[in-house]
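Residue numbers (my numbering): 50 to 406.
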C-alpha cells in the first residue's frame with residue numbers, strides 16, 4: 050500500500066456550524082468525485098445537521114463549496130450515496146425521532162451545542178406531528194447532482210447506502226430503525242430495486258443471534274463477490290467497551306433473501322465500508338476508536354476472505370473519527386474520505402487520503 054496524497058475536503062475553523070461527520074462518496078463516468086456528509090453542525094449530537102454535497106472535478110485536488118441536499122426539522126444524519134449512471138445517483142439519510150432528542154440526547158446536545166442546541170430543543174414541540182417520528186429516507190438526484198426528485202421513506206438504513214449488483218439491480222441492506230413498529234425495530238433486512246431506485250421491495254432478512262440481539266449490531270455495508278454472493282459486514286459490540294467496535298460477517302447466496310450465520314472477524318474497528326475495485330479486489334476501510342486511533346484498511350479477495358494484514362491510512366488524535374468511504378478513480382488510485390479533527394481543531398473536518406494497492 051502506497052500513500053499518494055493527504056488532503057481536506059472541507060475544514061471550517063470558525064463559526065458555530067463547523068462540525069462535519071459520516072461521509073460517503075461515489076464517482077461518475079467522468080471521474081467526478083461526489084462526497085456527502087452531515088455538515089453545518091455544532092457537534093456530534095446536534096439538532097442542526099444538514100446533508101451536504103461536495104464535488105471534485107480534478108481527482109480530489111480541490112472541492113466545491115457545499116450544496117445542501119436535505120435540511121429538515123430534525124437532524125439529518127449518516128448519508129449514503131450510490132452513482133446509478135447517466136448523471137443519476139441515490140442519496141440516503143436518517144433522522145432520529147424528536148422524542149429521542151428531547152429525552153435521551155438532551156444532555157449530549159447541550160454538551161456539543163451549548164445553549165443554542167438546548168434552546169432549539171425547547172421549540173421541538175412546534176414540529177409538525179408527521180415530521181416528529183423521524184425515519185430512513187432516500188431520494189434520486191439527476192443531472193449530476195443538480196436536480197432532486199421527491200424524497201421517499203424506506204424501512205432500513207446503513208451509513209453508506211445501497212450497492213449496485215452486476216445484474217443492474219440496487220441492493221439496500223440495512224437495519225430497520227425509526228419505523229414506528231416495535232416488532233420490526235432492529236431487524237436487518239434487504240430491499241431490492243429493479244427500476245433504478247423508483248421503488249424498493251423487501252427480499253429477505255438476516256437472523257440475529259439471541260446472544261447479540263440488535264442492541265449490539267449496528268451499521269452494515271455490503272459488496273457483491275465474484276461468484277455472485279453478497280458479503281455483509283456489521284459494526285458489532287461484543288464487549289461493554291463502547292470504543293471496542295469490531296465486525297461480524299454474513300453471506301447471502303441469493304441476492305439478500307437468506308443469510309448465513311454471523312461470524313466474528315476479530316478486527317478492532319468499525320463501521321465498515323466495502324469498495325469493489327476493477328481488479329476484483331474488495332477494499333475494506335474502517336475507523337479504529339481504540340488507541341492508537343486511526344483509519345485502517347484490509348483487502349478482501351473475490352471469495353470473501355479478509356486479509357490478516359492491516360494497513361494504516363491515517364492516524365487520528367481522538368476517538369471521534371471514522372466512517373471512511375473509498376472509491377476507485379479512473380487511473381486506478383483509491384480515494385478514501387473520513388472525518389476527524391484536523392491540526393488540533395475543536396470540531397471535526399472531512400479529510401481524505403489518495404493511495405494505491
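Cβ atoms here follow ideal geometry from the backbone N, Cα and C, with glycine treated the same way. Only a predicted model underlies this, so the values are computations on that prediction, with no experimental measurement involved.
What does DSSP give as the partner residues of residue 331 in its beta bridges?
DSSP, once it has assigned bridges, lists 325 and 349 as partnering residue 331.
Short of 6 Å in beta carbon distance, which residues of its chain neighbour residue 364, apart from the five on each side in sequence? Order them along the chain.
Result list for residue 364: 343, in chain order.
Start and end of the alpha helix (DSSP H) containing residue 301?
No alpha helix (DSSP H) contains residue 301, which is instead part of the beta strand (DSSP E) from 295-301.
Verify the contact flag: residue 149, CB atom, against every heavy atom of the ligand COA, threshold strictly below 7 Å.
Questions concerning the ligand COA fall outside what the structure shown contains, since it holds no ligand whatsoever.
Got a sec, what are the start and stop residues for the alpha helix (DSSP H) residue 156 sits in?
Looking at the DSSP string, the run of the alpha helix (DSSP H) that includes residue 156 is 155-170.
C-alpha gap between residue 388 and residue 372, whole angstroms
Going by the C-alpha atoms only, they are around 7 Å apart.
Helix, strand or coil at residue 174 according to DSSP, with G and I counted as helix
It is helical.
Can you confirm whether the region 219-231 touches the region 143-151 when touching is taken to mean that 3 or more C-beta pairs between the two stretches lie within less than 8 Å?
The region 143-151, when compared against the region 219-231, does touch it at the 8 Å Cβ threshold.
Have a look at 99, 390, 127 and 130 and flag the residue whose alpha-carbon is nearest the alpha-carbon of residue 116.
Ranking 99, 390, 127 and 130 by Cα distance to residue 116 puts 99 first.
Measure the C-alpha to C-alpha separation of residue 259 and residue 207 and round it to an integer number of angstroms.
Rounded to whole angstroms, residue 259 to residue 207 spans 21 Å at the Cα level.
Helix, strand or coil: how does DSSP classify residue 264 here?
Note: residue 264 maps to helix in three-state DSSP.
Close-in-space but distant-in-sequence residues of the same chain around residue 81 (CB under 8 Å, 5 per side omitted):
Short of 8 Å from the beta carbon of residue 81, and not among the five residues preceding or following it, lie these beta carbons of its own chain, in chain order: 104, 105, 106 and 193.
In or out: residue 311 buried (at least 16 other Cβ within 10 Å) or exposed?
Buried: at least 16 other Cβ atoms inside 10 Å.
Does the distance from the CB of residue 307 to the CB of residue 346 come in under 8 Å?
No, the Cβ-Cβ distance between residue 307 and residue 346 is not below 8 Å.
Given a cut-off of 8 Å, decide if residue 280 and residue 300 are closer than it, judged by their beta-carbon atoms.
Yes, they are a contact pair.
Considering residue 250, what are the terminal residues of the beta strand (DSSP E) in which it resides?
Where residue 250 is concerned, the enclosing beta strand (DSSP E) stretches over 250-255.
Any chance you could list the beta strand (DSSP E) runs of at least 3 consecutive residues sitting entirely within the region 334-401, in chain order?
Counting only runs of 3+ residues, the beta strand (DSSP E) found wholly inside the region 334-401 occupies 343-349, 360-364, 371-377 and 383-390, in chain order.
Boundaries (first-last residue) of the beta strand (DSSP E) holding residue 129
Where residue 129 is concerned, the enclosing beta strand (DSSP E) stretches over 126-134.
My assumption, with CB atoms under 8 Å, is that residue 327 sits in contact with residue 377. Please give the rounded CB distance.
So it is a contact: roughly 6 Å between Cβ atoms.
In angstroms with no decimal places, state the Cα-to-Cα distance between residue 123 and residue 152.
Just so you know, the alpha carbons of residue 123 and residue 152 end up roughly 14 Å apart.
May I have the straight-line CA-CA distance separating residue 61 from residue 393, to the nearest angstrom?
Distance between the alpha carbons of residue 61 and residue 393: 12 Å.
Is the distance from the Cβ of residue 284 to the Cβ of residue 319 below 8 Å?
A contact, by the Cβ cut-off of 8 Å.
By Cβ distance below 6 Å, which residues in the same chain neighbour residue 84 in space, the five residues on each side in sequence not counted?
Residues of the same chain with a CB within less than 6 Å of the CB of residue 84, apart from the 5 flanking positions on each side, are 58, 72, 74, 103 and 386 in chain order.
Could you compute how far the alpha carbon of residue 209 sits from the alpha carbon of residue 324?
Roughly 11 Å between the two C-alpha positions.
If you scan the region 68-123 from start to end, which runs of the beta strand (DSSP E) of 3 or more residues do you find wholly inside it?
Those beta strand (DSSP E) runs which fall completely within the region 68-123 and span 3+ residues are 68-76, 82-90, 99-105 and 116-119.
From what residue to what residue does the beta strand (DSSP E) around residue 53 run?
Looking at the DSSP string, the run of the beta strand (DSSP E) that includes residue 53 is 51-59.
Go to residue 242, then tell me how far its beta strand (DSSP E) extends in each direction, as first and last residue.
In the DSSP annotation of this structure, the continuous segment of the beta strand (DSSP E) that includes residue 242 starts and ends at 237-242.
Report the residue from 68, 276 and 204 whose alpha carbon sits nearest the alpha carbon of residue 230.
Distances from the CA of residue 230 to each of 68, 276 and 204 were compared; the closest alpha carbon is that of 204.
Under the assumption that residue 147 contacts residue 173 (Cβ atoms under 8 Å), give the Cβ distance between them as a whole number of angstroms.
5 Å between Cβ atoms; contact.
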